[in-house]
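The block underneath contains the structure these notes are about, expressed in structure tokens.
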Amino acid sequence: MSGLKLLFDFLPIIVFFAAYKWAGIYWATGAAVVVAALQIVILRVLRRPIDKTQWFNLALLAGLGGLTIFLRDERFIMWKPSLINWAFAIAFGLSLFGQRPLTERMLGAQLALPRSVWQRLTVGWVLFFLFSGALNAYVAFVYQVTPQSLDADRQAIYAQVAADDGAYARAVKGKALADMDAAQRAEMTALAPAQRQAAYLHKLHQDIWVNFKLFGLLGLTLLFVLAQGVYLSRHLSPDTGANESTAA
11 MSGLKLLFDF
21 LPIIVFFAAY
31 KWAGIYWATG
41 AAVVVAALQI
51 VILRVLRRPI
61 DKTQWFNLAL
71 LAGLGGLTIF
81 LRDERFIMWK
91 PSLINWAFAI
101 AFGLSLFGQR
111 PLTERMLGAQ
121 LALPRSVWQR
131 LTVGWVLFFL
141 FSGALNAYVA
151 FVYQVTPQSL
161 DADRQAIYAQ
171 VAADDGAYAR
181 AVKGKALADM
191 DAAQRAEMTA
201 LAPAQRQAAY
211 LHKLHQDIWV
221 NFKLFGLLGL
231 TLLFVLAQGV
241 YLSRHLSPDT
251 GANESTAA
């Protein structure tokens, strides 16, 4: 069940990635909002509990996603991973000043650990969320794709898009020239060569961020969970393991 829950939780990200590859970032954003809303509806219909984090994720996704779509500005949705990670960092950090850290509230019924261990686990999550949010902000807004950073194949495409309508349509719009309507062609032909090349670099940067959003952040999360599992195993007593086996 835990594996299915993980897949369910990451479904909006997976759908976002697939829709982006098929139709671009604005369709991907809309698809992710719809899937996140459907998740809430499904949980309601099945009478399953809905975490506050799921409501918060939907609200943030709908707000930033709506701004992205209506203003045609992907920077809003690019902020979402950073904002949600930093919000989690604040929540976990504030719990350190309460009676029980957040990790203990989440796992305390299954694991019997000293308070100091729960505190260290919580601090670890705070640092992880802060780092993940900062890393996303770097990839989204600081890192830049430059002509000098391109490999030979992309250098060739970079040169072609300046004057070749077909190359621009494929590389930037993700479609064949014949599939573009009159308005799209007019918009394309109005661009100066330097603007076309800048649009190509922007598209490459967008691709990098989308790949990072799925594979980078998901991979980091899985690695961190594994690291915390190793840390926990050092503090689990034989009695704890026996209790878990009995409960299973």
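Under my numbering, the first residue of the sequence shown carries the number 11, and numbering increases by one thereafter.
Cβ coordinates follow ideal geometry from the N, Cα and C atoms, glycine included.
Option nearest R125 by Cα separation, candidates L106, A237, L187 and L140: Against the sequence shown, residue 125 aligns to sequence position 115. With distances taken between Cα atoms, R125 lies closest to L106.
For the stretch 96–177, which segments carrying the alpha helix (DSSP H) assignment without a break, of at least 4 residues, lie completely within its bounds, in sequence order? Entirely contained in the stretch 96–177, the alpha helix (DSSP H) runs reaching 4 residues are, in chain order, 112–117, 125–147 and 162–170.
Check D61 in the structure and name its three-state DSSP category. What you label residue 61 is simply residue 51 of the sequence shown in a count that begins at 1. DSSP places D61 in coil when its eight states are reduced to three.
So, for Q207: in the same chain, excluding its five sequence neighbours on each side, which residues have a beta-carbon less than 7 Å away from its beta-carbon? By 1-based counting over the sequence shown, the position of residue 207 is 197. Closer than 7 Å at Cβ, skipping near neighbours: Y168, V171 and A172.
Range of the contiguous alpha helix (DSSP H) that encloses R206: As a working note, residue 206 is residue 196 in the sequence shown. P203 to N221 is the extent of the alpha helix (DSSP H) around R206.
Report yes if the CB atom of N264 is closer than 8 Å to the CB atom of I23, and no otherwise. Here the chain comprises residues numbered 11 to 258, so residue 264 is not present and cannot be evaluated.
If I measure Cβ to Cβ from M190 and keep anything under 8 Å in the same chain, skipping five residues before and after, which residues do I get? Stepping through the sequence shown from its first residue, residue 190 is reached at position 180. So the qualifying residues of the chain are A179, K183 and M198.
Between the alpha carbons of N253 and L233, how many angstroms are there, rounded? Taking the first residue of the sequence shown as position 1, residue 253 is located at position 243. Taking the first residue of the sequence shown as position 1, residue 233 is located at position 223. Because the pLDDT at N253 is just 45, under 50, the model does not fix this residue reliably, and the value given afterwards should be weighed accordingly. Looking at the two C-alpha atoms, the distance is approximately 27 Å.
E84 (DSSP reduced to helix, strand or coil): The count along the sequence shown starts at 1 and reaches residue 84 at position 74. Looking at E84 - three-state DSSP - the assignment turns out to be coil, as it is neither helix nor strand.
Run of the alpha helix (DSSP H) containing F26, from where it starts to where it stops: Translated into the one-based positions of the sequence shown, residue 26 becomes position 16. Taken as a continuous stretch (DSSP letters only), the alpha helix (DSSP H) holding F26 covers L21 to A33.
Using the beta-carbon count (16 or more within 10 Å), is T256 buried or exposed? Here residue 256 refers to the residue found at position 246 of the sequence shown. In this prediction, T256 scores a pLDDT of 39, lower than 50, which makes its location untrustworthy; no coordinate-derived value is stated.
Less than 6 Å between C-beta atoms, sequence neighbours within five positions excluded: which residues of the same chain meet that for T78? Mapped onto the sequence shown, residue 78 falls at position 68. T39, E84, F86 and I87.
Could you tell me the alpha carbon to alpha carbon distance between P59 and A46, rounded to whole angstroms? As a first step, residue 59 is located in the sequence shown; it is residue number 49 there, counting from the start. As a first step, residue 46 is located in the sequence shown; it is residue number 36 there, counting from the start. Whole-angstrom Cα-Cα distance: 15 Å.
I need the DSSP call for A200, collapsed to helix, strand or coil. Position 190 of the sequence shown, counted from the first residue, corresponds to residue 200. Note: A200 maps to coil in three-state DSSP.
Relative to the C-alpha of I52, which residue among D19, L117, R130 and V149 is closest? Stepping through the sequence shown from its first residue, residue 52 is reached at position 42. That would be D19, whose Cα lies nearest to the Cα of I52.
Along the chain, where does the alpha helix (DSSP H) containing L232 start, and where does it finish? One-based indexing of the sequence shown puts residue 232 at position 222. Run containing L232: L227 to S243, per the alpha helix (DSSP H) assignment.
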